[in-house]
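Peer 1:
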Ligand SMILES: Nc1ncnc2c1ncn2[C@@H]1O[C@H](COP(=O)(O)OP(=O)(O)OP(=O)(O)O)[C@@H](O)[C@H]1O
Ligand SMILES: Nc1ncnc2c1ncn2[C@@H]1O[C@H](COP(=O)(O)OP(=O)(O)OP(=O)(O)O)[C@@H](O)[C@H]1O
Ligand SMILES: [Mg+2]
Ligand SMILES: [Mg+2]
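Chains as they are written, first to last, in the working numbering: chain S, 2 to 257; chain F, 9 to 283; chain L, 9 to 283; chain C, -17 to 200; chain A, 234 to 449.
1. Pick out the complete beta strand (DSSP E) segments inside the region 87 to 170 of chain S, 3 residues or longer, and give them in chain order.
2. I need the DSSP call for residue 242/S, collapsed to helix, strand or coil.
3. Report the CB separation of residue 16/S from residue 71/S in whole angstroms; it is logged as a contact under 8 Å.
4. Is residue 247/L helix, strand or coil by DSSP?
5. Can you check whether the C-beta of residue 301/A is within less than 8 Å of a C-beta belonging to chain C?
6. Label residue 9/L either buried or exposed according to how many other C-beta atoms from any shown protein chain fall within 10 Å of its C-beta, with 16 as the threshold for buried.
7. What residues are listed by DSSP as bridge partners for residue 80/S?
8. For residue 69/L, does the three-state DSSP call read helix, strand or coil?
9. Taking 8 Å as the CB-CB limit, is residue 128/C close to chain A?
10. By a C-beta neighbour count over all protein chains shown, 10 Å radius and 16 as the cutoff for buried, is residue 11/F buried or exposed?
11. For a contact meaning CB atoms closer than 7 Å, what does residue 368/A contact in chain F?
12. Report all residues from its chain with a CB closer than 7 Å to the CB of residue 37/S; omit the five preceding and five following residues, and keep chain order.
13. Given that residue 155/S touches chain A, what residues does it touch there, using C-beta distances under 7 Å?
14. Would the region 144 to 151 of chain F and the region 219 to 236 of chain F be scored as touching if the rule is three or more Cβ pairs under 8 Å?
15. Name the residue from 189/S, 202/S, 105/S whose alpha carbon lies nearest to the alpha carbon of residue 83/S.
16. Please return the same chain residues whose Cβ sits closer than 7 Å to the Cβ of residue 111/L, not counting the five positions on each side in sequence.
17. Quick check: what's the CA-CA separation for residue 92/F versus residue 27/F?
18. When you compare only the Cα positions, how much space is there between residue 252/F and residue 60/F?
19. Considering only the beta carbon of each residue, do residue 46/C and residue 421/A sit closer than 8 Å?
20. Mind checking the region 42 to 61 of chain L against chain F and listing, in chain order, the residues whose C-beta falls within less than 8 Å of any C-beta there?
21. Closer than 6 Å by C-beta to residue 54/F: which residues in its own chain qualify, once you throw out the five before and the five after it? Chain order, please.
22. Could you pull the DSSP bridge partners for residue 5/L from this structure?
23. Could you check the C-alpha separation between residue 76/S and residue 53/S for me, to the nearest Å?
24. Would you decide whether residue 32/F is buried or exposed? Buried here means 16 or more other CB atoms lie within 10 Å of its CB.
25. Taking 8 Å as the CB-CB limit, is residue 175/S close to chain C?
26. Which residues, in chain order, does the region 97 to 125 of chain C contribute to contact with chain L at a C-beta distance below 8 Å?
27. Report yes if the C-beta distance between residue 182/F and residue 115/F is below 8 Å; otherwise report no.
28. CA-CA distance, residue 375/A and residue 436/A?
29. Is residue 182/C close to chain A, meaning its C-beta is less than 8 Å from at least one C-beta of that chain?
30. Using a Cβ cut-off of 7 Å, pull out every chain F residue sitting near residue 224/L, in sequence order please.
31. When burial is assigned at 16 or more other CB atoms within 10 Å of the CB, is residue 20/S buried or exposed?
32. CB residue 123/S to CB residue 61/S, shorter than 8 Å?
33. What span of residues does the alpha helix (DSSP H) with residue 222/S cover, start to end?
34. Please classify residue 1/S as buried or exposed, where buried requires at least 16 other C-beta atoms within 10 Å of its C-beta.
35. Quick one: is residue 193/L buried, meaning 16 or more other Cβ sit within 10 Å of its Cβ, or exposed?
36. Round the Cβ separation of residue 176/S and residue 98/S to the nearest angstrom and send it over; I've been treating them as touching at under 8 Å.
As structure tokens, then:
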């Protein structure tokens, strides 16, 4: 059993993509954020004395790396989708992931999400937000007959933000939580649209689907739910994201 | 004074007046005076480092000289004098002054990307702007002169050293020079191949070409030269007809130079044994 | 038969019996028979490409030979015979057979990363495993022999060609060989520097060293050799004492070879003029 | 327009990243030198199998982008039951990559030593190993310094790709800084300066070695 | 154990990625050749400030990773109102990078022409320009074939980093496939195989060219 092995070894290896403010990112050389802080609380309580080895990986390889047993669990905000849930087990949700659009402040040509028709937009390769964007675009094409002019795929969201600021693209599909700190620090450049473009989705942490990992997932779920009940989760959301979400304990079947 | 020199110079092929040359702190030529008459054959000998090559290279301004004057066919080489100060000429002006001078190098310096004929006609085509047909006619004649008409289409790396050097001579000849300079033209050759190059040079000499030849081939010098010049330490130490110079050297340095040479070549020489 | 040869061979320094060598389809040595006696001085002459170098290189198995046998001090070189078939020896076995043979190359082949002394003592230290002190003593003596004790600490590129070749000779001498082979030891030298190398070789000859010298220096051959061997087209065409060979060549090919040589070196030679 | 204040505050972190870059590069270069020499020996050996092996090795690692080698080394072996940590994958990838190049550098070096040098040694009784050790190696080292210097600069530069497999070297740290400062141009310019300084230091050292080991012409 | 069927449907995408890689490399290489030759020729002018400028360009571009140069061009350019598309930035970055290397190669090529050959031409009245055109350039071009093809191979390999500025080339395509299928081994092995075959082909072709040049 994976959990037993971890306890025996005294070490758990977790994978993180530390370029995903405010969930996971690097500050002063340390990986910090909503996720890491929550993880620490859970591990301190249920895996005391176990050393945490945290790998910082690009997002594209993070789930395949989990299958490849490069690490025990993915502690990074992963949008729970049908395709992913088929291959991996997710924890109970840690935050809402519903996708919206980031645009340039004062860009009057985009008032509703449908206004991105005919414009270049972008998101991150392999991300659920990209998938949402593509589905939204398909809907636009079907309904209005005209989709976006181009969907650009970036290796990281930071590059997408930079390109939005530069004007190469007109909007970035991203979850609200992620852009909150960005919009807060650069309100003169970035503006997040209230209206979302996809179904309600949630972020969770992921582990392998084998029975081997069941006890680890159970432990994580227990820890997360306790934090939620105690109100710690809301506190952390306020601290890192700036607002709180109403969160289900179990999302059941993913919406996409 | 300069006017007088200029008039005098018109008759000589090359005139050197107090030519001096320094590399850094190393004075390589020390006030050399030398007149090369038209149709004269001059051989320059001397120990390694005595300045022979530098002298030759100065005569065509491949090396600038620092002091004195050099006149080629009466015209000051490499510099122009205006208001009493002298200014370096442009490359084009210098090339014009030495246009009748050809040079053959120790290392042949053929261009490897052209055939023998290509080497010979390149300057005719590119510098003189001749048509291919005109140039090839002259080029083939020049190759004929050095006995290499049949190698016209060979690239240099397919030729022996002796053949390469003969092509180099043909290349110089094609420009129809009145003066030819040679810097150790046979030193880079295998012993067997020296003869064929000397033969071509002998032939040029017999046709009245003005020649200045830096060489170690004493036999050739003795046979062909009107005058042999012995250099040492950047100066001309002794000069004169080869018979006099080789049999009755005046300066001890020349005597010693000849002794060293003889002790190697004469002792047990085949001519003594077979003689 | 082989036993007889073996016994006979014990007295000779090097014995060649029907030695043949082919490069691809080019037969370079054609059944060469040759006995080099102890303390004999043999000079090998012949036109370029006649197989002189190949012969010398076969004698030390730097080149394998395809046919015949070579015995060095009575021992078959390069091959072992068992059950009537012959098998190539290992490098170590071959090295053992030719351990008393030294070789001096045209290109000196000094190792540029070692000083003169370093070159001379390298084999003593590395192959013979001597201490530095022992090796240096022998090395300095060897350098003394060639007159270069004062250059012990110079690197090859600071030495003239003649000095480099003398260091190469010292390097061979340090191993205390009984036979020395030279392949055109002076061909790569400036004419002024040939003398000093020949002088060292003369001295070795006078001390009774067995020597085989491929050379173009006829004067040296005439003076030093007990026997001169003329090669052409991979065979020994004529052999004999130099006086006889140079004055009365029997084969037309040798006569022609000598003629070419003489016409270049004798015509207008200094000795004639000064004579 | 350019504002470096945010980046300057992060200089210590970038310096730390540069340190990681340096030690990983140095380690890869050394391991690569050892492997390269072995491969070079194989390439020059008389054994046709060894020669073919070395030829494939060289062709492969000179023909594959380092990025791809790293991706393969990082993600593929675990599928066959072999564990690779990011650091071992990084070191292995860089080492294999530079070894491919160094093999060819050493081989070219070997070819510059005139065969006569080896023949002279054979005539004095040197064994093959002794010839390699005492005659070839010292000379090869001298003539290969310029090429090795270039290779060292290349390794330092290409170590930036290790960011892809989670090694927090200079470039990865710069990306992290961009994430928090939203100042890509300034950050990357400073990062470039770091790389330039490292490359210049390496090539200056190479030139220094070259000058030290090449005797000045008389 | 290895099963390519999982990614079979992506074959056309991989083909497109490969085409982008080849196209962008070819364009960059041609531009880099021209630029590099121009720089190498300019560097021969006896004008010191120009030489320093060229020197700094070569040192800076050779001293920093291509990845970083692309980042600066693409994400830094807009700061100065320069807004290249990812394709433009890729071509520009790779051309400048290639040119820096090739300029050095060409310089060495020029220096490898023995000075005696230039002197021989001067003696026959060739002007400087004619010497460059007829004596130095033809020989230099022949000498630089091997290092230039090496550079070509290295450019093809380095083009993998174009993925970071959203050029949809081979590596980015493969990465996308990995993140969509969660399959790692096959796509990456295929990726390696693709690069290896392209570079091996270029290496083979260049050896043929070299052999022909040597024979000529
Ligand atoms: N380009 C140069 N820079 C510095 N010193 C030079 C240069 N060319 C020649 N020298 C020096 O000038 C001196 C004379 O050289 P030069 O080549 O004229 O002699 P040489 O008589 O031709 O000798 P050799 O017979 O060896 O050709 C030598 O001391 C040489 O070192
Ligand atoms: N390694 C080799 N491979 C192929 N052919 C060779 C080799 N070495 C020599 N030959 C050929 O063997 C023949 C004899 O060469 P060798 O070097 O023995 O002649 P040589 O008499 O020493 O000539 P030289 O006076 O020019 O040194 C030549 O035709 C040469 O081309
Ligand atoms: Mg000279
Ligand atoms: Mg020979």
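C-beta atoms are modelled at their ideal positions from N, C-alpha and C, and glycine is treated no differently. All values derive from a computational prediction rather than experimental measurement.
Peer 2: Let's see:
1. 89 to 91, 100 to 105, 121 to 125, 151 to 155
2. The count along the first chain starts at 1 and reaches residue 242/S at position 241. DSSP places residue 242/S in coil when its eight states are reduced to three.
3. On the first chain, position 15 is the one that residue 16/S refers to. On the first chain, position 70 is the one that residue 71/S refers to. Correct: roughly 7 Å between the Cβ atoms.
4. As a working mapping, residue 247/L is identified with position 239 in the third chain. In this structure, residue 247/L counts as strand in the three-state DSSP scheme.
5. One-based indexing of the fifth chain puts residue 301/A at position 68. Judged by the 8 Å Cβ criterion, residue 301/A is in contact with chain C.
6. Residue numbering aside, residue 9/L sits at position 1 when the third chain is read from its first letter. With a pLDDT of 36 at residue 9/L, under the threshold of 50, the predicted position of this residue should be treated as unreliable, though the coordinate-derived value follows. The residue is exposed, with fewer than 16 neighbouring Cβ atoms inside 10 Å.
7. The sequence position of residue 80/S within the first chain is 79, counting from 1. In DSSP, residue 80/S forms a bridge with 204/S.
8. Numbered from its first residue, the third chain carries residue 69/L at position 61. Residue 69/L falls in the coil class under three-state DSSP.
9. For the purposes of this step, residue 128/C is identified with residue 146 of the fourth chain, where counting begins at 1. Not an interface residue.
10. On the second chain, residue 11/F is found 3 positions in, with the first residue counted as 1. Note on residue 11/F: pLDDT 36, under 50, position unreliable in the model; the coordinate value appears next. Its Cβ having fewer than 16 others within 10 Å, residue 11/F is exposed.
11. Within the fifth chain, the letter at position 135 stands for residue 368/A. The contacting residues are 119.
12. Locating residue 37/S in the first chain gives position 36, counting from the first residue. Closer than 7 Å at Cβ, skipping near neighbours: 25.
13. For the purposes of this step, residue 155/S is taken as the residue at position 154 of the first chain. Under the 7 Å cutoff, chain A gives 399.
14. no
15. Residue mapping note: residue 83/S aligns to position 82 of the first chain, counting from 1. The option with the nearest alpha carbon to residue 83/S is 202/S.
16. For the purposes of this step, residue 111/L is identified with residue 103 of the third chain, where counting begins at 1. Same-chain partners within the cutoff: 68, 180, 189.
17. Here residue 92/F refers to the residue found at position 84 when the second chain is read from its first residue. Here residue 27/F refers to the residue found at position 19 when the second chain is read from its first residue. Answer to the nearest angstrom: the Cα atoms are 18 Å apart.
18. Here residue 252/F refers to the residue found at position 244 of the second chain. Here residue 60/F refers to the residue found at position 52 of the second chain. Rounded to whole angstroms, residue 252/F to residue 60/F spans 21 Å at the Cα level.
19. The residue given as residue 46/C occupies position 64 in the fourth chain. The residue given as residue 421/A occupies position 188 in the fifth chain. Contact flag unset, no.
20. 55, 56
21. The sequence position of residue 54/F within the second chain is 46, counting from 1. Counting only Cβ-Cβ distances below 6 Å, and skipping sequence neighbours, we find 60, 238, 239, 240.
22. This structure cannot speak to residue 5/L, because chain L is shown only from 9 to 283.
23. For this step, residue 76/S is matched to residue 75 along the first chain. For this step, residue 53/S is matched to residue 52 along the first chain. So the two alpha carbons sit approximately 11 Å from each other.
24. The residue given as residue 32/F occupies position 24 in the second chain. Under this definition residue 32/F is an exposed residue.
25. Position 174 of the first chain, counted from the first residue, corresponds to residue 175/S. It does not; no Cβ of chain C falls within 8 Å.
26. 98, 99, 101, 102, 103, 104, 105, 106, 107, 108, 109, 110, 112, 116, 117, 120, 121, 124
27. Residue mapping note: residue 182/F aligns to position 174 of the second chain, counting from 1. Residue mapping note: residue 115/F aligns to position 107 of the second chain, counting from 1. Taking 8 Å as the Cβ cut-off, residue 182/F and residue 115/F do not qualify as a contacting pair.
28. Translated into positions along the fifth chain, residue 375/A becomes position 142. Translated into positions along the fifth chain, residue 436/A becomes position 203. Computed Cα separation, rounded: 17 Å.
29. One-based indexing of the fourth chain puts residue 182/C at position 200. Yes - at least one Cβ of chain A is within 8 Å of the one on residue 182/C.
30. By 1-based counting over the third chain, the position of residue 224/L is 216. Within chain F, the residues near residue 224/L are 199.
31. What you label residue 20/S is simply residue 19 of the first chain in a count that begins at 1. The residue is buried, with at least 16 neighbouring Cβ atoms inside 10 Å.
32. In the first chain, the residue the question calls residue 123/S occupies position 122. In the first chain, the residue the question calls residue 61/S occupies position 60. In this structure, residue 61/S does not lie closer than 8 Å to residue 123/S by Cβ.
33. Numbered from its first residue, the first chain carries residue 222/S at position 221. Per DSSP, residue 222/S belongs to the alpha helix (DSSP H) from 215 to 230.
34. Residue numbering for chain S in the displayed model covers 2 to 257; residue 1/S lies beyond these limits and cannot be assessed.
35. As a working mapping, residue 193/L is identified with position 185 in the third chain. Residue 193/L is buried by the Cβ-count criterion.
36. On the first chain, residue 176/S is found 175 positions in, with the first residue counted as 1. On the first chain, residue 98/S is found 97 positions in, with the first residue counted as 1. Going by Cβ atoms, the distance from residue 176/S to residue 98/S rounds to 5 Å, so yes, they are a contact pair.
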